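Chemist:
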Amino acid sequence: MSEGTLYDAVWDRHRVRRLPSGQDQLFVGLHLIHEVTSPQAFGMLAERDLEIAYPERTHATVDHIVPTDDRARPYDDDAAESMMAELEANVADAGLTFDHPDTGRQGIVHVIGPEQGLSQPGMTVVCGDSHTATHGAFGALAFGIGTSQIRDVFATGTVAMEKQAVRRIEVTGELGDGVTAKDLILTIIGELGTDGGSATCTSTAVRPSSRCRCPAG
Numbered sequence: 000m001s002e003g004t005l006y007d008a009v010w011d012r013h014r015v016r017r018l019p020s021g022q023d024q025l026f027v028g029l030h031l032i033h034e035v036t037s038p039q040a041f042g043m044l045a046e047r048d049l050e051i052a053y054p055e056r057t058h059a060t061v062d063h064i065v066p067t068d069d070r071a072r073p074y075d076d077d078a079a080e081s082m083m084a085e086l087e088a089n090v091a092d093a094g095l096t097f098d099h100p101d102t103g104r105q106g107i108v109h110v111i112g113p114e115q116g117l118s119q120p121g122m123t124v125v126c127g128d129s130h131t132a133t134h135g136a137f138g139a140l141a142f143g144i145g146t147s148q149i150r151d152v153f154a155t156g157t158v159a160m161e162k163q164a165v166r167r168i169e170v171t172g173e174l175g176d177g178v179t180a181k182d183l184i185l186t187i188i189g190e191l192g193t194d195g196g197s198a199t200c201t202s203t204a205v206r207p208s209s210r211c212r213c214p215a216g
């Protein structure tokens with residue numbers, strides 16, 4: 000396991016204690032939630048008569064079921080309307096910040112985090128969604144978690160995790176015309192395989208000559 004990396008620094012800064020399972024208990028700086036994976040966790044919390052430990056660190060949005068054609072309520076899809084209503088009730092009861100569609104801040108959960116400056120370098124971020132690791136692009140340590148882990152974060156503000164090995168990928172050279180960051184990452188994935196990131200934290204170092212030029216705006 001690599002030592003002295005950003006991963007190590009963020010991990011150690013948020014480590015509460017070593018658990019009997021061999022995992023580390025990590026303090027969570029930002030907990031993003033949405034309508035799909037949070038209802039069961041809210042239910043588990045209610046069954047134990049517990050409250051959210053750090054509501055100020057919990058941020059909700061709705062992103063999977065919002066219609067793209069007509070957002071008038073109630074939604075035509077009964078399941079979507081039910082999920083929306085349940086999230087509205089849960090966040091109201093808990094006093095959480097909620098990017099409701101009516102606020103103009105609603106969006107894909109892993110877009111609003113960076114967009115609103117919620118995801119910060121050196122922070123631990125969790126969300127009940129498989130795309131959570133993308134916040135790592137901003138120097139955060141981010142995990143996709145399951146429903147029981149969402150409950151744990153609700154109740155304690157912490158999550159149990161096993162520390163992973165760190166892989167460093169260095170990118171050098173100069174990108175050709177029309178080649179973008181997306182092409183670069185797809186090439187890396189092609190080399191490593193679809194399971195190349197399993198149980199591994201990947202640190203990517205892009206040398207100045209190969210940095211992608213991003214258009215302003």
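Be aware that the sequence shown starts at 0, since it is given in numbering that gives the first Met the number 0, and climbs by one per residue. We put the CB at the ideal spot given by N, CA and C, even for glycine. In this text, all values refer to a predicted model and were calculated from it rather than measured experimentally.
(1) In angstroms with no decimal places, state the Cα-to-Cα distance between S147 and L31.
(2) How would you call T199, buried or exposed, if buried means at least 16 neighbouring beta carbons within 10 angstroms?
(3) Y6 to R72, Cα distance in whole Å?
(4) Just to check my reading of the structure: A52 and G156 have Cβ atoms closer than 8 Å, yes? What is that Cβ distance to the nearest angstrom?
(5) Quick check on the DSSP output: the alpha helix (DSSP H) that includes G143 runs from which residue to which?
(6) Going straight from the alpha carbon of F97 to that of E114, what length do you get?
(7) So the alpha helix (DSSP H) Q115 belongs to, where does it begin and stop?
(8) Tell whether a beta-carbon distance below 9 Å holds between G127 and I111.
(9) How about P100 and V61: do their beta carbons lie closer than 9 Å?
(10) With which residues is I221 paired in a DSSP beta bridge?
(11) List the DSSP bridge partners of R150.
(12) Around the Cβ of R47, are there at least 16 other Cβ atoms within 10 angstroms (buried) or fewer (exposed)?
(13) Assuming M160 and L25 make a contact with CB atoms under 8 Å, what is their CB distance in whole Å?
(14) With Q39 as the anchor, note down where its alpha helix (DSSP H) starts and where it stops.
(15) In the DSSP assignment, the alpha helix (DSSP H) including D98 goes from what residue to what residue?
(16) Run the CB neighbour count on L117, radius 10 Å, all protein chains shown included, and call it buried at 16 or more, exposed below.
(17) Considering just the uninterrupted stretch of the alpha helix (DSSP H) at V27, what are its terminal residues?
(18) Can G196 and V124 be called in contact, C-beta distance under 9 Å?
(19) Based on DSSP bridge pairs, tell me the residues matched to R12.
(20) From D11, A59, R12, G21, pick the residue whose C-alpha is nearest to that of I149; which is it?
(21) According to DSSP, is S1 helix, strand or coil?
Modeler: Short version:
(1) Roughly 15 Å between the two C-alpha positions.
(2) By the beta-carbon neighbour count (other beta carbons within 10 angstroms, threshold 16), T199 is exposed.
(3) A straight line joining the alpha-carbon of Y6 with that of R72 spans about 44 Å.
(4) The distance from the Cβ of A52 to that of G156 is about 4 Å, consistent with a contact at the 8 Å cut-off.
(5) Taken as a continuous stretch (DSSP letters only), G143 belongs to no alpha helix (DSSP H), being part of the beta strand (DSSP E) at 140-143.
(6) So the alpha carbons of these two residues sit roughly 15 Å apart.
(7) Premise fails: Q115 is in no alpha helix (DSSP H) and is neither H nor E.
(8) With contacts defined as CB atoms closer than 9 Å, G127 and I111 fail to qualify as a contacting pair.
(9) The Cβ atoms of P100 and V61 lie closer than 9 Å to each other.
(10) The shown model of the chain, from 0 to 216, leaves out residue 221, and the question about it has no answer.
(11) In the DSSP output, where bridge partners are listed per residue, R150 has none listed.
(12) Classification of R47: exposed, given that the 10 Å Cβ count is below 16.
(13) Sure, about 6 Å apart at Cβ, within 8 Å.
(14) Counting along the chain, the unbroken alpha helix (DSSP H) around Q39 starts and ends at 38-46.
(15) D98 -> not in any alpha helix (DSSP H); beta strand (DSSP E) instead, spanning 96-98.
(16) Classification for L117: buried.
(17) For V27, there is no enclosing alpha helix (DSSP H), as DSSP gives it neither H nor E.
(18) Contact flag unset, no.
(19) Looking at the DSSP assignment, R12 forms no beta bridge with any residue, so it has no partner.
(20) The shortest C-alpha separation from I149 is found at A59.
(21) Because S1 sits at a pLDDT of 45, beneath the cut-off of 50, its placement in the model cannot be relied upon, and the following sentence gives the value as read from the coordinates. DSSP places S1 in coil when its eight states are reduced to three.
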